[in-house]
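Residue numbers for the sequence shown follow my numbering, beginning at 462 and rising by one.
Think of the CB as a built atom: it goes at the ideal place given N, C-alpha and C, for glycine as much as any other residue.
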Amino acid sequence: MRIILADDHAIFREGLKLLLQSQYDKEVIAEVDNLENLKTEIHKQHADLLILDYHMPGGDAVALLSYCKKRYPELKIIALTGAQSGQILKQLVSAKADAVLLKDGVSAELLFAIQQVMLGKSYFSDTVKNNIADIDLPLSSRELQILKLIFSGFVNREVADKLALSPKTVDKHRENIMRKLHVNNLVELINKVHQLKLFSDVYD
């Protein structure tokens, strides 16, 4: 089994590599620490499995996941995340990840998930399923993308550039986000994100 590891934390990546290569049938053929280089590696390596960290520099992991599932339908993808938000987890499921697990899970669960996805099945941890079921946040996937970029410190024009949208469209989305979250300004919006613990993975 040929595996690509995509995670920007070297120590975490090394631990995963040791775990996987302790299994006789698994080989890590590439390691990537940013999303910009990941498309190239996927095209070049012809891997069977991609283990993808949700929060990585260089782009939008959900968009890349969705792209890979359309472009390389045979490639199995397991998404790992530190995020507890049901909305984030639902995004990963909706982007057709074959499995979604939290980073604080046990290694045996990851190995089981790999086994399941390589058999053509999907696997979502109990916590992931429960958190998705508990969603009460009325934001669309696009609004959530924009909110994460705003929370990360990007101004509207930078958000527009990253998502190939017009600044006017981003302004409208921002207005809708603030209305749906019942806040009146940027400070209240940031505080609301902290309160909801939407992007806990940002602190990983």
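Locate the beta strand (DSSP E) running through V489, then write down its first and last residues. Position 28 of the sequence shown, counting from 1, holds the residue named residue 489. Taken as a continuous stretch (DSSP letters only), the beta strand (DSSP E) holding V489 covers 488-493.
Report the rounded CA-to-CA distance for Q506 versus L536, giving the unit in angstroms. Here residue 506 is taken as the residue at index 45 of the sequence shown, counted from 1. Here residue 536 is taken as the residue at index 75 of the sequence shown, counted from 1. The alpha-carbon atoms of Q506 and L536 are separated by roughly 11 Å.
Sorted by chain position, which residues of the same chain lie with C-beta nearer than 6 Å to K557's C-beta, five sequence neighbours on each side aside? The count along the sequence shown starts at 1 and reaches residue 557 at position 96. Taken in chain order, the residues that qualify are K530.
Can you tell me whether DSSP reads V644 as helix, strand or coil? On the sequence shown, residue 644 is found 183 positions in, with the first residue counted as 1. In this structure, V644 counts as coil in the three-state DSSP scheme.
When DSSP labels each residue in this structure, what does A560 get in the three-state scheme? Residue 560 sits at position 99 when you count from the first residue of the sequence shown. Note: A560 maps to strand in three-state DSSP.
Does G476 come out as helix, strand or coil in the three-state DSSP assignment? As a position in the sequence shown, residue 476 is number 15, starting the count at 1. Note: G476 maps to helix in three-state DSSP.
CA-CA distance, L563 and A574? Here the question's residue 563 lines up with position 102 in the sequence shown. Here the question's residue 574 lines up with position 113 in the sequence shown. Straight-line Cα distance between these residues: approximately 12 Å.
What's the C-alpha gap between V567 and E636? For this step, residue 567 is matched to residue 106 along the sequence shown. For this step, residue 636 is matched to residue 175 along the sequence shown. A straight-line Cα-Cα distance of about 40 Å links V567 and E636.
Exposed or buried, which one is Y515 when buried takes at least 16 other CB atoms within 10 Å? As a working note, residue 515 is residue 54 in the sequence shown. By the 16-neighbour rule on beta-carbons within 10 angstroms, Y515 is buried.
DSSP beta-bridge partners for A540? Within the sequence shown, numbered from 1, the residue matching residue 540 stands at position 79. DSSP output for A540 lists L513, V561 as bridge partner(s).
At a cut of 8 Å, does the stretch 605-613 reach the stretch 649-659 through at least three beta carbon pairs? yes
Between P628 and the rest of its own chain, which residues show a CB-CB distance below 6 Å, the 5 nearest in sequence each way excluded? Looking up residue 628 in the sequence shown gives position 167. Once the five neighbours on either side are set aside, the close Cβ partners of P628 are N617, R618, A621.
Please state if the CB of L511 and the CB of I465 are separated by a distance shorter than 8 Å. Here residue 465 refers to the residue found at position 4 when the sequence shown is read from its first residue. Here residue 511 refers to the residue found at position 50 when the sequence shown is read from its first residue. Yes, the pair counts as a contact, with Cβ atoms nearer than the cut-off.
Candidates P518, L580, T542, L642: closest to S601 by CA position: Residue numbering aside, residue 601 sits at position 140 when the sequence shown is read from its first letter. For S601, the nearest C-alpha among the options comes from L642.
Short of 6 Å in beta carbon distance, which residues of its chain neighbour I593, apart from the five on each side in sequence? Order them along the chain. Mapped onto the sequence shown, residue 593 falls at position 132. Here the set comprises G547, L550, K551.
Taking only runs that begin and end inside the stretch 555-628, name each unbroken alpha helix (DSSP H) of 4 or more residues, in chain order. Unbroken alpha helix (DSSP H) stretches of 4 residues or longer found wholly inside the stretch 555-628: 568-579, 587-594, 602-612, 617-624, given in chain order.
Roughly how many angstroms lie between the CA atoms of K478 and A544, to the nearest whole one? Working through the sequence shown from its first residue, we reach residue 478 at position 17. Working through the sequence shown from its first residue, we reach residue 544 at position 83. In a straight line, the C-alpha of K478 is about 22 Å away from that of A544.
Judging by CA-CA distance, which residue of K500, Y584, R640 is the nearest neighbour of E604? Indexing the sequence shown from 1 puts residue 604 at position 143. Ranking K500, Y584, R640 by Cα distance to E604 puts R640 first.
Out of curiosity, what's the CA-to-CA distance linking L659 and E475? As a first step, residue 659 is located in the sequence shown; it is residue number 198 there, counting from the start. As a first step, residue 475 is located in the sequence shown; it is residue number 14 there, counting from the start. Going by the C-alpha atoms only, they are around 27 Å apart.
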